[in-house]
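Just so you know, we're using our numbering here: the sequence shown kicks off at 41 and counts up by one. Glycine included, C-beta positions come from ideal geometry on N, C-alpha and C. Take a look at the structure set out below.
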Amino acid sequence: MPNDFIGDLSKTRLLDLISPLLSRKKSGMIQIKGSEVGEIYIEGSNIVHARTQNLTGEEAVLAMMEWNAGRATFDWEAAADEQTVYMPTEQLLMIWTNREAEWGRIRELVPSPNVVFRIPVNGCPDNRNVQANQWKVLALCNGMRSVSDIAEALGWQIFETSQTLCGMIQEGLLEKAAEKRVEQAERARRTVNGNFFPVIENELRKAMGPIAPIVIDDKLAEFGESREAFPEDRLSPFIQAIGEEISDASKRVLFTRLMTEHIARKQK
C-alpha cells in the first residue's frame with residue numbers, strides 16, 4: 041500500500057494538507073495516525089468518505105480538522121468503499137474556516153481541553169434562563185471533570201463543548217477551577233526512563249538495519265509522544281505498532297517477544 045508522507049499535524053494544519061490534493065483533483069485516502077486514527081477519502085476535487093474511531097461523514101472530517109498531532113500520509117491507490125460525505129466539499133471546508141475563526145474567540149476563555157470548570161463559589165446569577173444543553177454541562181461541572189471529560193460524557197465534539205462552556209462562562213454560570221487536576225494527573229503519569237529507547241533501537245536495528253531510529257521517530261510522531269516523556273501505559277501498543285513495520289515475520293515475532301519481556305521485567 042503506497043503511503044506517501046504529506047505532513048505532521050503538529051506543524052501543519054490538516055486543511056493545508058488537504059487543499060493542494062483537492063485543487064489538483066487527486067484521488068486516494070489521507071490517513072492520520074497519532075493518539076487517534078482517521079481516514080479521509082477524496083475523489084477528484086471532492087471529499088466522499090471519512091471516518092474516525094467514533095464518527096463518519098462530515099462530522100468525522102470536522103473532528104479531524106481539530107487534531108493538532110498525528111502523522112498524515114496519502115495512499116493514491118485506495119478508494120472509498122462507501123460514501124458518507126454528501127455536503128459539497130467547498131461548503132464543508134468553509135464551515136471549518138468559520139469554525140477556526142470561532143476557535144480564536146473560544147480559546148480566550150477555554151484555552152485547552154484539559155481545563156476544569158466549576159459552578160461559581162458565589163453561585164450563578166439570579167433570574168438566569170439556563171438552556172437545556174447548559175443544564176447538561178452544569179450537571180457535569182464539579183471542579184474535577186475537564187473539557188475532554190465533559191465532551192466524552194455527553195457524546196459531543198470538543199468544539200461544541202468548548203463553545204457551550206465559553207458562553208456559560210460569559211453568562212456567569214461557570215468559572216475556571218482553582219486546580220487543573222487533569223493537568224496534574226498528566227504530570228504525575230509514569231514515564232519510561234532514558235534507558236528504554238536505546239534498548240528498543242538496538243533490537244530494532246537487528247530486525248530492520250540502520251533505518252531503526254527513523255522508524256521509532258515516525259511512530260513517536262504518530263503517537264504524539266516524545267523519547268523524553270513516553271508514558272508507561274502506552275508501551276505495549278507502541279511496541280506492537282513498531283513490530284508491524286518489520287516485514288520478516290520471524291524477526292517481527294522475535295522483536296515483539298523480546299521487547300514485551302523487557303517491559304515486563306521493568307514493571308516488576
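Local Cβ density within 10 Å of residue i, reported as buried at 16 or more and exposed below that
i	result
W136	buried
G195	exposed
R91	buried
A100	buried
R227	Only weak support exists for where R227 lies, its pLDDT of 47 falling under 50; the coordinates are left without a value.
V293	exposed
V156	buried
R230	exposed
V161	exposed
V177	buried
Q93	exposed
W107	buried
K51	exposed
V232	buried
A269	exposed
Q71	buried
M104	buried
L55	exposed
V150	buried
A179	exposed
G47	buried
A31	The first residue shown for the chain is 41 and the last is 308, placing residue 31 beyond what the model contains.
H89	buried
M367	No information on residue 367 is available, as it lies outside the stretch 41 to 308 that the chain covers here.
M208	buried
M299	buried
S59	exposed
Closest residue to residue i among the options (Cα-Cα distance)
i	options	result
I87	V156, L61 and I190	L61
E122	A247, L132 and T96	T96
T124	E98, W116, I240 and E130	E98
T81	A112, G249, D189 and E211	Note that residue 81 corresponds to Tyr in the displayed sequence, not to Thr. The candidate whose alpha carbon is nearest that of Y81 is A112.
S188	T52, N154, I240 and G68	N154
G68	W116, E241 and N173	W116
R139	E272, G183 and L102	L102
I240	E83, D44, K73 and L275	L275
R158	A141, S186 and W143	S186
Q171	L132, A109 and E211	E211
D257	A281, E215 and D273	A281
I146	C181, T204 and L133	T204
A141	F199, D44 and L57	F199
A261	G84, R64, F295 and V77	V77
S63	K73, S75 and E83	E83
K291	F45, G249 and P271	G249
Endpoints, alpha helix (DSSP H) assigned at residue i
i	result
I254	A252 to F263
T204	I198 to Q210
G283	L275 to G283
E241	F236 to M248
L55	L54 to S63
Residue i, enclosing beta strand (DSSP E) - first and last residue
i	result
M184	N182 to S186
D44	N43 to D48
Beta bridge counterpart(s) of residue i as assigned by DSSP
i	result
A90	I80
R158	N182 and E215
Q71	E79 and T113
T96	R91
T296	Its beta-bridge partners do not exist; DSSP assigns none.
P271	T231
Residue-chain proximity (residue i, chain D), Cβ-Cβ < 9 Å
i	result
L132	Protein chains in the displayed structure number just one, and chain D is not present.
Cβ-heavy atom distance, residue i to the ligand ADP, below 8 Å
i	result
N86	Inclusion of the ligand ADP in the displayed structure is not the case, the ligand content being empty and no account of it being possible.
*What are the start and end residues of each continuous beta strand (DSSP E) run of 3 or more residues lying completely inside the stretch 103-133, in chain order?*
111-115
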